[in-house]
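Residue numbers (my numbering), protein chains in the order written: chain R, 6 to 314; chain X, 3 to 450; chain E, 375 to 691.
Accompanying notes for the structure given below.
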């Protein structure tokens, strides 16, 4: 269902004199109202209008909310007046991988197409190793977008770099151009449960993925549109991820909301491979004064120093 | 009286040349050759259809080694296609008249390989069904868009450079080729454009050839420089090099010369052209190949020595793998057998005899193919972010059987096109050869 | 679409609110264990966070979050039926029924006129009861709160910006009296949470008042608007009370002009002019020559026709 249609329906509904807003009831939220198809149930429901007034309407007007679907064309616009930014506190990451699991679950990307990785890093032999979650850094001067021949991947006004897999030709130039190995390719037909496969594709959800196209971390704009944080951020029990709007100069990790500029200044925030000149939108806080010792997992145990070459 | 005799003698000679160089039907060996190539291509096509159905997953490429031998093969085809501009343009403009019998061979190689370069890049696409997006949504900022533009331009110029000098020959075929089928005759008639040796026609043709010879040089440099930029515009160690454009072009001329030598040898054997492709031609080509190899050696030293001297962290993993690591046997074989030994052998007059030249040319071609492999593949196994939690097969790219076969069938396809073109058209320009011989007899300077 | 986001952006909906009451109850535990099979006996506990929220002295909300620890992880429980009652669990006292959403949240807005059920000191008792499911046993939780009058006003004089708070409540006789010694938190509403104005909360004085300076320089919307939020959090008597106001105390937002610049990483429509110029010049130049050559070949074929027809030209030959 296209957003414009919903809009008209709503206007139609409002014309009938029923100011309406979000719901305080079991119906997830009311959304598209088709007045001609409403069955009056006689059961009244209370709702809160945008003005804070409580209104009562017939339950028949309530319909379960259809997933807000942002079409590939609409997704190019970006969320107005926002500039999303992420800060990852390496001192708090202990490789619990909840971020990874939530990401994998919500994007249905599977172990061969990880959008988010948690890597063992060690800068020098004498320094202690640490865990570093990495994903697409949504660079302000993205080398991947530079090289795309068909405008399939693009930089939005809200800072997010997305991929339109309806447009992508699968040349994989963006993958070699990205110095952070953030992009992944669907080498074979991806396997989904039926309801996922039938979902309307949107670049904002990156679901469902298509064979022969590139995908990557999308900063969950479907969530931020709802005022909610990306899945990795909300899944982390240690508050490793801070997410927010650079224009507002505030980031939140779900527990606390702090000023972005203060956080980066006080904790010596940096960006990975700054000298690449890509201007990432993801910052790291150094793994100093860690709250727990580093422990190898089954993948890194016998590998020695990963980062040293 | 004397005059008449000369004309008669030259007329006989003209007939002899025409007869010698007329395209001939395949012999038994020719038929076997074509059949084998067709079978290879048919199986390759079958595997490609499988790739369309099941995705690039049938190859060994994965997220880290995201470009594989398809791209290496693409670079190889683009490289070898540069021979057209070398023989038809650079040697023409520098007045090397001995090149005359070699121009047709090199233009045929150029056209066949540039066609397959374009095809191979489509084979590498995840979504070939969306090829039209490249035109409909073209982003002018992308080196791929530049490559599409420059490849199609180069293809058109190469076709013209093959076709224009062919027109007088087509007129000869139209008038003298009798044993061919009807469609073949009609083809000659249409393509000959009613050529009647009119001075005005000859003037226009000569002028057009001259213009094309100049035009193709920047386009040829463009095509291979842009191809090198597919790598050099990224930040990856091993590709992040300012040397890549000239490095690629010098390598391309070298393998192109190797390709012409190999083709010369085979055509000479197959069509008994010893009088036209003489030892002298091999000698000149040998000298040319030495020169081109030395230039390539120079760029190789720049490409490997300078970063190795600095050993920046990211570069060092890549270079160490090439010099001492898992790719070192291939790397040193390619450098020694594909470059150093050819230089040493071809320095000597004896080495420039047809058969040793043929062996050297094959070494150069095979070496050049694997050199492209070494340029494209090892870099991708050294990402900046460490590769962890990935299956072993992702870390060491080893192409699958089907991938090898599809790649092999594109090479077979290019050979097939070369074979068919040589079956249809004279592999050595008839009209030009006659012209040169007459000019030599009369002691006139050759108009070229 | 719009009204959903409006709702969630409002602070009283945000999940940063503190729990008023967290009650763990295992109903029917003894009976269940004797009567049912072993799998039912091992049913995990459903944990309920039940809170009362009063926003802008107007809207009163009951909010319940259902969670359970499954396989060692706390998970929100969706689709749990919740019945809200006033005073006690009784059909006559039923306020409404709500099911929990994806976040395990069930929210009920108390109807106007609920004040008539308050006691003399303005206190209420609310009860939430969940239905038993295949996975969980029914659970009941209760919250006792008192009504309050919590207001915030903002002032700006001689470029000194101040936030004023006043808190009043009913005493035992039903008279409105100021309440001192209550912690009040001041925030700026941001997209994903509330940014504290100061490190420590303010405390109301004996007049039930707080005055705080607002000296923060921070971005607002394009007009410079900010939403300032005052909150009493998790108070034993008042629960969660909050008041919010929008004011032009922020720095107006200026969109980064770099975003629409013609750059190498811009969209196709925003390609750099120099690049368009160079590529097109080269294209026109080279293809112009190619077209010229094609025209020349056409001329070659023309000449042949003329030459075979025209005796004049034949003579020249």
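Heads up, the beta-carbon is just placed ideally off N, CA and C, and yes, glycines get one too.
Everything numeric in this text was worked out from a predicted model, so none of it was measured.
Closer than 9 Å at the beta carbon, the chain R residues around residue i
i	result
residue 238(X)	181, 182 and 184
residue 621(E)	Those do not exist, as residue 621(E) stays about 16 Å from chain R at its closest Cβ, beyond 9 Å.
residue 379(X)	Within 9 Å Cβ-Cβ: nothing; residue 379(X) doesn't reach chain R, min ~11 Å.
residue 386(X)	184, 185, 186, 277, 278 and 281
Contact belief for residue i with residue j at Cβ below 8 Å, rounded distance in angstroms
i	j	result
residue 239(X)	residue 381(X)	7 Å
residue 532(E)	residue 554(E)	Residue 532(E) to residue 554(E), Cβ: 29 Å. No contact.
residue 89(R)	residue 286(R)	7 Å
residue 138(R)	residue 126(R)	Contact flag wrong, Cβ pair sits at about 10 Å.
residue 526(E)	residue 619(E)	6 Å
residue 94(R)	residue 290(R)	4 Å
residue 367(E)	residue 647(E)	No statement about residue 367(E) is possible, as the shown extent of chain E runs from 375 to 691 and does not include it.
residue 222(R)	residue 183(R)	Their Cβ separation, rounded to whole angstroms, is 11 Å, which puts residue 222(R) and residue 183(R) out of contact at 8 Å.
residue 174(X)	residue 20(X)	6 Å
Within-8 Å CB hit, residue i to chain X
i	result
residue 194(R)	yes
residue 578(E)	no
residue 642(E)	yes
residue 172(R)	yes
residue 653(E)	yes
residue 675(E)	yes
residue 663(E)	yes
residue 667(E)	yes
Minimum Cβ-Cβ distance from residue i to chain E less than 8 Å
i	result
residue 102(R)	no
residue 244(R)	no
residue 434(X)	no
residue 264(R)	yes
Short CB-CB distance (under 8 Å) between residue i and chain R
i	result
residue 127(X)	yes
residue 59(X)	yes
residue 557(E)	no
CA nearest to the CA of residue i, picked from the options
i	options	result
residue 159(X)	91(X), 406(X) and 419(X)	91(X)
residue 105(X)	114(X), 88(X), 119(X) and 117(X)	88(X)
residue 617(E)	493(E), 482(E), 433(E) and 623(E)	433(E)
residue 110(R)	225(R), 246(R) and 263(R)	225(R)
residue 150(X)	232(X), 86(X) and 110(X)	232(X)
residue 119(R)	108(R), 129(R) and 128(R)	108(R)
residue 230(X)	113(X), 245(X) and 24(X)	245(X)
residue 70(X)	401(X), 116(X), 189(X) and 241(X)	401(X)
residue 663(E)	214(X), 339(X) and 261(X)	214(X)
residue 338(X)	352(X), 362(X) and 99(X)	362(X)
Proximal chain R residues relative to residue i, where beta-carbon distance stays under 7 Å
i	result
residue 116(X)	The premise fails here: residue 116(X) is roughly 19 Å from chain R at the closest Cβ pair, so nothing lies under 7 Å.
residue 592(E)	254
Under 8 Å by beta carbon: chain R residues contacting residue i
i	result
residue 595(E)	86
Under 7 Å from the C-beta of residue i: neighbouring residues of chain E
i	result
residue 234(R)	566
residue 202(X)	677
Residues near residue i in its chain [Cβ-Cβ closer than 6 Å; skip 5 each side]
i	result
residue 214(R)	191, 195 and 220
residue 693(E)	Because chain E is modelled from 375 through 691, residue 693(E) falls outside the range shown and cannot be assessed.
Contacts that residue i makes with chain X (C-beta to C-beta distance below 7 Å)
i	result
residue 153(R)	141 and 144
residue 175(R)	127, 128 and 129
Cβ-based neighbour list, residue i, same chain, cut-off 7 Å, excluding 5 preceding and 5 following
i	result
residue 100(R)	123, 136 and 302
residue 180(R)	188, 190 and 219
residue 398(E)	At residue 398(E) the pLDDT is 32, less than 50, meaning the model places this residue with poor confidence; the figure from the coordinates comes in the next sentence. Contacts found: 419 and 421.
residue 257(X)	81, 82, 366, 367 and 370
residue 266(R)	254
residue 223(X)	251
residue 118(X)	79, 412, 415 and 416
Contact list for residue i against chain E, beta-carbon separation under 9 Å
i	result
residue 146(R)	637, 638 and 639
Cut-off 8 Å between Cβ atoms - residues of its own chain near residue i, not counting five sequence neighbours on either side
i	result
residue 47(X)	411
residue 431(E)	523, 524, 525 and 617
Within chain E, partners of residue i - CB distance below 8 Å
i	result
residue 248(R)	566
residue 159(R)	641
Interface residues of chain X facing residue i [CB-CB closer than 9 Å]
i	result
residue 647(E)	Result: empty, since nearest Cβ-Cβ is about 11 Å, beyond 9 Å.
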